[in-house]
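J.: Here you go, one structure.
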Amino acid sequence: MLRIKFAPLKTPLERRLQTLAAACWFVTLAFGGTLCLATILYLTLYTRLWWLTLLYGAFIFYDRDVCNKGGRSSDWVRRWAWWRYLRDYFPLKLVKTADLDASRNYLFCAFPHGMLSTGAFGSFATEALGFNELFPGLRPHLVTLAGHFLLPVTRELALSCGSCSSSAESMSYLLSRPGGGHATVLITDLYDQVSNPEGSWLRWVQDHFRKVFGIAPIIPLGRGFFQYSFGFIPRRCPVFTVVGRPMEVEKIPDPSRQQVDEVHQRFTDHLLAFFEAEKHKYVKEPDKTFLEID
């Protein structure tokens, strides 16, 4: 019917729950903050619960700096069974290639970012992939824009998952903790991309939208809950997050531009070598796949 491929009616409940988990995860990341803010405004303006929402607003103001001071991770939230359904939907897998000394602090860089940080979220914001078992003694902090911690309700979920602000203050705080034990994660997504070559009408719309709003609009090509042809739910596709050997960096209190460039080049070479060494295990056509860094 209309070339729509529907999901079988006898799909097991387990897979239905996995799809539901992926859908809820997308809605929470994409619209959760806005929906919660709209709900708070409605309760404040049109119900007798205005005093409760004002108290919550005062709490957010009082608590506004927690995202720059290590957050408040909750092992209970990170171990929700819901995350395991999300893990099994794609599925997601976290791969360890080297031991990490828990007495030190680390900066993890997850590539690429993409529209949704699927692998990074599952690996470092939840315990569904067993981060604490693979790297005992380390507490991961997935960092994101500070503005996310001003949005009601969703900020509590982000903080409970161990997330912190990506501000310089927050990063400095996490990386300088005495005794180590912190892994700061700078943030693979599972949508096909609509073709938008130079000169196409879609590229024209994106360019003008970006000039006005500062960001380019996106059109996800996913699936729906009961059909596979279109929708906002990411399609099932295995995602492997591979953690490599750390690169030693000497602390320089006031580095010159040349020293920064040298460390950046070392990091680029380190990342490219790691990708070339690991890609044959995960990429279908490794000899035709290369990592390009601008």
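Heads up: the sequence shown begins at 2 in my numbering, then just goes up one per residue. Ideal Cβ positions, reconstructed from N, Cα and C, are used throughout, including at glycine. Bear in mind the structure is a predicted one, so any value in this text is a computation, not a measurement.
1. I need the straight-line Cα distance from residue 258 to residue 167, nearest angstrom please.
2. Straight-line CA distance for residue 2 to residue 237?
3. Given that a residue counts as buried once 16 or more other Cβ atoms are within 10 Å of its Cβ, and exposed if not, what is residue 20?
4. Terminal residues of the continuous beta strand (DSSP E) containing residue 110?
5. So, helix, strand or coil for residue 234, using DSSP?
6. Going by Cα to Cα distance, which pick from 110, 72, 241 is closest to residue 157?
7. Taking C-beta to C-beta, are residue 103 and residue 146 nearer than 8 angstroms?
8. Let me know if residue 171 comes out buried or exposed under the rule of 16 or more other beta-carbons within 10 Å of its beta-carbon.
9. With contact counted as at least three CB pairs below 8 angstroms, one residue from each stretch, are the region 49 to 60 and the region 92 to 103 in contact?
10. Taking a contact to mean a Cβ-Cβ separation below 8 angstroms, would you say residue 234 touches residue 22 in this structure?
11. Of all the options 185, 137, 123, which has the alpha carbon lying nearest to the alpha carbon of residue 241?
12. Once the 5 residues before and after residue 181 are set aside, which same chain residues still bring their CB inside 7 angstroms of it?
13. Let me know the secondary structure DSSP gives residue 257 once reduced to three states.
14. When DSSP labels each residue in this structure, what does residue 244 get in the three-state scheme?
15. Bridge partners of residue 93, per DSSP?
16. Using a 10 Å radius around the Cβ and a threshold of 16 neighbouring Cβ atoms, would you call residue 60 buried or exposed?
17. Secondary structure at residue 140, three-state DSSP: helix, strand or coil?
18. In terms of alpha-carbon separation, which member of 149, 154, 176 lies closest to residue 68?
19. Could you say which of 271, 275, 39 lies nearest to residue 153 if we only look at CA atoms?
20. Using beta-carbon positions only, say whether residue 130 and residue 87 come within less than 8 angstroms of one another.
21. Leaving out the 5 sequence neighbours to the left and right, which residues in its chain are closer than 7 angstroms to residue 89 when beta-carbon positions are compared?
22. Write down the C-beta distance between residue 121 and residue 28 rounded to the nearest angstrom, noting that I regard them as a contact closer than 8 angstroms.
23. Do you know whose CA, among 43, 268, 118, lies nearest residue 143's CA?
24. Nearest by alpha-carbon distance to residue 279: which of 74, 65, 245, 270 is it?
25. Which residues in the same chain have their Cβ closer than 7 angstroms to the Cβ of residue 83, if we skip the five residues on either side of it in sequence?
26. At the level of alpha carbons, what is the spacing between residue 125 and residue 159?
27. Quick check on the DSSP output: the alpha helix (DSSP H) that includes residue 56 runs from which residue to which?
28. Just verifying my parser: in three-state terms, what is the DSSP assignment at residue 162?
29. When you compare the CB positions of residue 200 and residue 74, do they come within less than 8 angstroms of one another, or not?
30. In angstroms with no decimal places, state the Cα-to-Cα distance between residue 13 and residue 85.
31. For residue 15, does the count of other Cβ atoms within 10 angstroms reach 16, so buried, or fall short, so exposed?
T.: On the basis of the supplied data:
1. If you number the sequence shown from 1, residue 258 lands on position 257. If you number the sequence shown from 1, residue 167 lands on position 166. Residue 258 and residue 167: Cα-Cα distance of roughly 22 angstroms.
2. As a first step, residue 2 is located in the sequence shown; it is residue number 1 there, counting from the start. As a first step, residue 237 is located in the sequence shown; it is residue number 236 there, counting from the start. Low local confidence applies: a pLDDT of 49 at residue 2 is under 50, so the model's placement there is unreliable, with the coordinate-based value given in what follows. Spanning the two alpha carbons is a distance of roughly 22 angstroms.
3. Residue mapping note: residue 20 aligns to position 19 of the sequence shown, counting from 1. So residue 20 counts as buried.
4. Counting from one through the sequence shown, the residue named residue 110 turns up at place 109. Counting along the chain, the beta strand (DSSP E) containing residue 110 begins and ends at 107 to 110.
5. Position 233 of the sequence shown holds residue 234. Residue state, collapsed to three classes: strand.
6. Here residue 157 is taken as the residue at index 156 of the sequence shown, counted from 1. Nearest C-alpha to residue 157: 72.
7. As a first step, residue 103 is located in the sequence shown; it is residue number 102 there, counting from the start. As a first step, residue 146 is located in the sequence shown; it is residue number 145 there, counting from the start. Cβ distance not < 8 angstroms, so residue 103 and residue 146 don't count as in contact.
8. Against the sequence shown, residue 171 aligns to sequence position 170. Residue 171 is buried by the Cβ-count criterion.
9. no
10. On the sequence shown, position 233 is the one that residue 234 refers to. On the sequence shown, position 21 is the one that residue 22 refers to. For residue 234 and residue 22, no; Cβs fall outside 8 angstroms.
11. Residue numbering aside, residue 241 sits at position 240 when the sequence shown is read from its first letter. When only C-alpha atoms are compared, the closest one is 123.
12. Here the question's residue 181 lines up with position 180 in the sequence shown. Taken in chain order, the residues that qualify are 103, 104, 105, 106.
13. As a working note, residue 257 is residue 256 in the sequence shown. It is coil, neither helix nor strand.
14. Position 243 of the sequence shown, counting from 1, holds the residue named residue 244. Strand, per DSSP.
15. To locate residue 93, count along the sequence shown from 1; it is residue 92. Per DSSP, 240.
16. Taking the sequence shown and counting its residues from 1, one reaches residue 60 at position 59. Result: exposed.
17. As a working note, residue 140 is residue 139 in the sequence shown. Strand.
18. Walking along the sequence shown from the start, residue 68 turns up at place 67. Taking only the C-alpha atoms, the option nearest residue 68 is 149.
19. Mapped onto the sequence shown, residue 153 falls at position 152. The shortest Cα separation from residue 153 among 271, 275, 39 belongs to 39.
20. Taking the sequence shown and counting its residues from 1, one reaches residue 130 at position 129. Taking the sequence shown and counting its residues from 1, one reaches residue 87 at position 86. Not closer than 8 angstroms, so no.
21. Working through the sequence shown from its first residue, we reach residue 89 at position 88. So the list reads 19, once near-sequence residues are dropped.
22. As a working note, residue 121 is residue 120 in the sequence shown. As a working note, residue 28 is residue 27 in the sequence shown. That belief does not hold up - the Cβ atoms of residue 121 and residue 28 are roughly 19 angstroms apart, past 8 angstroms.
23. As a working note, residue 143 is residue 142 in the sequence shown. Comparing Cα-Cα distances from residue 143 to each of 43, 268, 118, the minimum goes to 118.
24. By one-based count along the sequence shown, residue 279 stands at place 278. Of the candidates 74, 65, 245, 270, the one whose C-alpha sits nearest the C-alpha of residue 279 is 245.
25. Residue mapping note: residue 83 aligns to position 82 of the sequence shown, counting from 1. 22.
26. Your numbering for residue 125 matches position 124 in the sequence shown. Your numbering for residue 159 matches position 158 in the sequence shown. Straight-line Cα distance between these residues: approximately 12 angstroms.
27. Against the sequence shown, residue 56 aligns to sequence position 55. That run of the alpha helix (DSSP H) goes 51 to 63.
28. Position 161 of the sequence shown, counted from the first residue, corresponds to residue 162. It is coil, neither helix nor strand.
29. Residue mapping note: residue 200 aligns to position 199 of the sequence shown, counting from 1. Residue mapping note: residue 74 aligns to position 73 of the sequence shown, counting from 1. Not in contact: residue 200 and residue 74 (Cβ atoms no closer than 8 angstroms).
30. For the purposes of this step, residue 13 is taken as the residue at position 12 of the sequence shown. For the purposes of this step, residue 85 is taken as the residue at position 84 of the sequence shown. The straight-line gap from Cα to Cα measures roughly 16 angstroms.
31. Here residue 15 refers to the residue found at position 14 of the sequence shown. The residue in question, residue 15, is exposed, as its Cβ has fewer than 16 Cβ neighbours within 10 Å.
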